[in-house]
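Student: The structure follows.
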Amino acid sequence: MVRQAFKVMAVMVCGAFSVPATVMAQDLQALARVDVENSSITDERSGGVALNLQLSQPVPFRVFTLDNPPRLVLDFKEIDWTGFDKVAVDQSEAVTDLRFGIFRPGWSRLVLDLATPVLPDQTEMRVDETRGTATLSIQMIAANAEEFSDFSQLREEDGWALPKSTVAGQPKERQLGDRPVMVVIDPGHGGVDSGAEREGYEEKLLVMQFALELEEALIRTGRYKAELTRKDDVFMSLPDRISKARSLGADVFLSIHADALSEGSATGTTVYTLSNKASDNMAAELAAGHDRGDLLAGVDLSEQDDQIASVLMDMARLETDVRSEMLADFMVNGIAQSVGRIRKRPHLGAGFTVLKAPYIPSVLIELGFMSNKSDLVNLLTEGWRNKVTRGIIDALDNWTVEDAAQARLLRQ
Ligand SMILES: [Zn+2]
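The numbering used here puts the sequence shown at residues 70 to 481.
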């Protein structure tokens, strides 16, 4: 019987509703808001969960599940989530945590972490004809692990899905010092994925501020062109960041972070390059944490990983790795000289997915660790950020010359 219900659900649950005549056209332009007071997540004695979302107006939506770890994902036309963090999941044992925010421009995402497999059985958006409000109710029923896994594979790759990342592709001609170098800056995290959070500050916003300052400083030199992978507070998957860098014609890719670590006293700027083997536990924790950001935001990384793995076999990767290593060493020196202080082992490696562009020299810069008090103060200090920016530009100046010389040698 249960199976039957899931078969029906195999059809993507998309928002189908009629707009009441009383809802004015201009209301539909406005951002839908969540009515926190009247929204709820309730465990049921049967092992199921009832999710009720009260919205100021109907919006298109879809519901699907993802496995490993089990998650329920809801995508909506953009919603104002203000106050929704007050919808407590403390009382729910089935839903252990939730996240929400902008997933891509115009679209919001709500992700529920599930303690046990439950599947949507009945999904309905009811519209109040007179008030123009809408109620989305999802009745989830207990399922076993196999049923959950089967259902999670039924997710259609339709127009809603993430664009296929083109991780490989034609290499851009190596820079020879005869044209402005395009630096693509990647502010980590964004949207539904806030990154580290300490004392009310969010990593996604701190690194965005730094990225914008660095972009401006680079362009002002006249020697560089600069672009950002994301300009707004939106979620972007790690493979999509690589695709974006490629489409922007990146000569260099700099991913900017300021993570927090669960333990230890990590402090100071650290530069990471891609490595199959992590330099230490901390580097491994950071790399896994970033992939986890994608998983938590409801991205399926498994397919892209295969693509990336095959690309890694390519000889191109070897040449790029050498260039990235050299870039990292220049970065460490540049920042150390400009800031006067850097981490004890400032150049480390780990399996960072975002550094896997096969033809683009890529490094990940942890500006500092939000888990460290003085690092957090540095991150919030404009003078300190300016010093790091100068160090990065010095490093790029040195690297560009050396990299061009090596490219010319390869051509002979
Ligand atoms: Zn981060």
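Where is the CB? At the ideal position from N, CA and C, for every residue including glycine.
Shorter than 7 Å, the distance from the beta carbon of histidine 359 to the closest heavy atom of ligand 1, or not?
Tutor: Start at 1 with the first residue of the sequence shown, and residue 359 comes out as number 290. The answer is yes for histidine 359.
Student: Where the beta carbon is closer than 5 Å to any heavy atom of ligand 3, which residues qualify, in chain order?
Tutor: In the structure shown, ligand 3 is absent; the only ligands present are ligand 1.
Student: Do you know how far the Cα of valine 340 is from the Cα of glutamate 435?
Tutor: By one-based count along the sequence shown, residue 435 stands at place 366. By one-based count along the sequence shown, residue 340 stands at place 271. Each residue's Cα considered, the two are about 6 Å apart.
Student: Measure the beta-carbon distance from aspartate 182 to leucine 167 and round it to whole angstroms, keeping in mind my assumption that it falls under 8 Å.
Tutor: Translated into positions along the sequence shown, residue 182 becomes position 113. Translated into positions along the sequence shown, residue 167 becomes position 98. Indeed, because the Cβ distance is near 7 Å, the residues count as touching under 8 Å.
Student: Per DSSP, what kind of secondary structure is tryptophan 150 in: helix, strand or coil?
Tutor: Numbered from its first residue, the sequence shown carries residue 150 at position 81. DSSP places tryptophan 150 in coil when its eight states are reduced to three.
Student: Pull up the distance between the alpha-carbon of arginine 115 and that of serine 218, whole angstroms please.
Tutor: In the sequence shown, residue 115 corresponds to position 46, counting from 1. In the sequence shown, residue 218 corresponds to position 149, counting from 1. Before going on, a small fix: residue 115 reads as serine here, not arginine. Distance between the alpha carbons of serine 115 and serine 218 is about 20 Å.
Student: I think valine 401 touches alanine 327, with their Cβ atoms under 8 Å apart; what is that distance to the nearest whole Å?
Tutor: Numbered from 1 along the sequence shown, position 332 holds the residue referred to as residue 401. Numbered from 1 along the sequence shown, position 258 holds the residue referred to as residue 327. Actually they are not in contact, since the Cβ atoms of valine 401 and alanine 327 sit about 17 Å apart, beyond 8 Å.
Student: Which of helix, strand or coil does DSSP assign to histidine 258?
Tutor: Taking the sequence shown and counting its residues from 1, one reaches residue 258 at position 189. Correct three-state label for histidine 258: coil.
Student: Just checking, does the stretch 386–396 make contact with the stretch 350–364 on the three C-beta pairs under 8 Å criterion?
Tutor: Verdict: no, contact absent.
Student: Tell me where the alpha helix (DSSP H) around valine 457 begins and ends.
Tutor: Counted from its first residue, the sequence shown places residue 457 at position 388. Per DSSP, valine 457 belongs to the alpha helix (DSSP H) from 451–480.
Student: Using the C-alpha atoms, what's the distance from threonine 336 back to arginine 410?
Tutor: Here residue 410 refers to the residue found at position 341 of the sequence shown. Here residue 336 refers to the residue found at position 267 of the sequence shown. Cα to Cα, arginine 410 sits roughly 10 Å from threonine 336.
Student: For serine 393 and valine 432, what's the separation of their Cα atoms in angstroms?
Tutor: Reading the sequence shown from its first residue, position 324 is the one you call residue 393. Reading the sequence shown from its first residue, position 363 is the one you call residue 432. About 6 Å.
Student: So what does serine 206 bridge to, in DSSP terms?
Tutor: On the sequence shown, residue 206 is found 137 positions in, with the first residue counted as 1. Asn121 and Glu193, per the DSSP bridge assignment.
Student: If leucine 26 sits next to valine 105, beta carbons under 8 Å apart, how far is it from one beta carbon to the other, in whole angstroms?
Tutor: Only positions 70 to 481 of the chain appear in the structure, and residue 26 is not among them; the question remains open.
Student: In three-state DSSP terms, what is methionine 395?
Tutor: Here residue 395 refers to the residue found at position 326 when the sequence shown is read from its first residue. Residue state, collapsed to three classes: helix.
Student: Report buried or exposed for glutamate 296, applying the criterion of at least 16 other Cβ atoms within 10 angstroms of its Cβ.
Tutor: Mapped onto the sequence shown, residue 296 falls at position 227. Per the 10 Å Cβ criterion, buried.
Student: Can at least three beta-carbon pairs, one atom from the stretch 138–153 and one from the stretch 169–184, be found at a separation below 8 Å?
Tutor: Yes: at least three Cβ pairs fall under 8 Å.
Student: What is the DSSP secondary structure of valine 128, counted as helix, strand or coil?
Tutor: Locating residue 128 in the sequence shown gives position 59, counting from the first residue. Coil at valine 128, not helix or strand.
Student: Taking contact to mean 3 or more Cβ pairs, one atom from each stretch, closer than 8 Å, check whether the stretch 277–284 and the stretch 191–200 are in contact.
Tutor: Judged by Cβ distances under 8 Å, the stretch 277–284 makes no contact with the stretch 191–200, as fewer than three pairs qualify.
Student: Measuring CB to CB, does valine 250 end up less than 8 Å from valine 187?
Tutor: Here residue 250 refers to the residue found at position 181 of the sequence shown. Here residue 187 refers to the residue found at position 118 of the sequence shown. Contact flag unset, no.
Student: Three-state secondary structure (DSSP) at phenylalanine 220?
Tutor: Indexing the sequence shown from 1 puts residue 220 at position 151. Correct three-state label for phenylalanine 220: helix.
Student: Who pairs with serine 334 in a beta bridge, going by DSSP?
Tutor: As a position in the sequence shown, residue 334 is number 265, starting the count at 1. Answer by DSSP bridge pairing: none, since serine 334 is not bridged.
Student: Considering only C-alpha positions, which residue in the set Leu445, Thr298, Leu478 and Val408 is nearest to glutamate 271?
Tutor: In the sequence shown, counting from the first residue as 1, residue 271 sits at position 202. Taking only the C-alpha atoms, the option nearest glutamate 271 is Leu445.
Student: Considering just the uninterrupted stretch of the beta strand (DSSP E) at valine 164, what are its terminal residues?
Tutor: Walking along the sequence shown from the start, residue 164 turns up at place 95. Per DSSP, valine 164 belongs to the beta strand (DSSP E) from 164–173.
Student: Assuming isoleucine 325 and glycine 257 are in contact, meaning their beta carbons sit under 8 Å apart, how far apart are those beta carbons, in whole angstroms?
Tutor: Numbered from 1 along the sequence shown, position 256 holds the residue referred to as residue 325. Numbered from 1 along the sequence shown, position 188 holds the residue referred to as residue 257. At roughly 6 Å, the Cβ-Cβ gap stays under 8 Å, so isoleucine 325 and glycine 257 are in contact.
Student: What's the C-alpha gap between serine 161 and leucine 317?
Tutor: Translated into positions along the sequence shown, residue 161 becomes position 92. Translated into positions along the sequence shown, residue 317 becomes position 248. Approximately 45 Å, taken between the alpha carbons.
Student: Determine the contact status of threonine 469 and glycine 291, defining contact as a CB-CB distance below 8 Å.
Tutor: Taking the first residue of the sequence shown as 1, we reach residue 469 at position 400. Taking the first residue of the sequence shown as 1, we reach residue 291 at position 222. In this structure, glycine 291 does not lie closer than 8 Å to threonine 469 by Cβ.
Student: Which residue comes first and which comes last in the beta strand (DSSP E) that contains phenylalanine 322?
Tutor: Counted from its first residue, the sequence shown places residue 322 at position 253. Residues 321–326.
Student: For isoleucine 110, report the span of its beta strand (DSSP E) as first-last.
Tutor: Taking the first residue of the sequence shown as position 1, residue 110 is located at position 41. Where isoleucine 110 is concerned, the enclosing beta strand (DSSP E) stretches over 109–112.
Student: Whose CA, out of Pro138, Ile171, Met305 and Leu465, lies closest to the CA of tryptophan 150?
Tutor: Taking the first residue of the sequence shown as 1, we reach residue 150 at position 81. Per the Cα distances, Ile171.
Student: Could you give the distance in angstroms between the alpha-carbon of isoleucine 254 and the alpha-carbon of lysine 346?
Tutor: Numbered from its first residue, the sequence shown carries residue 254 at position 185. Numbered from its first residue, the sequence shown carries residue 346 at position 277. Taking the straight line joining both Cα atoms gives about 25 Å.
Student: Assuming valine 276 is part of the alpha helix (DSSP H), what are its boundary residues?
Tutor: By 1-based counting over the sequence shown, the position of residue 276 is 207. 272–290 is the span of the alpha helix (DSSP H), which, as asked, contains valine 276.
Student: For a quick check, are the C-beta atoms of arginine 267 and serine 443 less than 8 Å apart?
Tutor: Mapped onto the sequence shown, residue 267 falls at position 198. Mapped onto the sequence shown, residue 443 falls at position 374. Contact flag unset, no.
Student: Within 10 angstroms of its Cβ, does alanine 319 collect 16 or more other Cβ (buried), or is it exposed?
Tutor: Here the question's residue 319 lines up with position 250 in the sequence shown. Classification for alanine 319: buried.
Student: Does the Cβ of proline 138 have 16 or more other Cβ atoms within 10 Å, making it buried, or fewer, making it exposed?
Tutor: Counting from one through the sequence shown, the residue named residue 138 turns up at place 69. Exposed: under 16 other Cβ atoms inside 10 Å.
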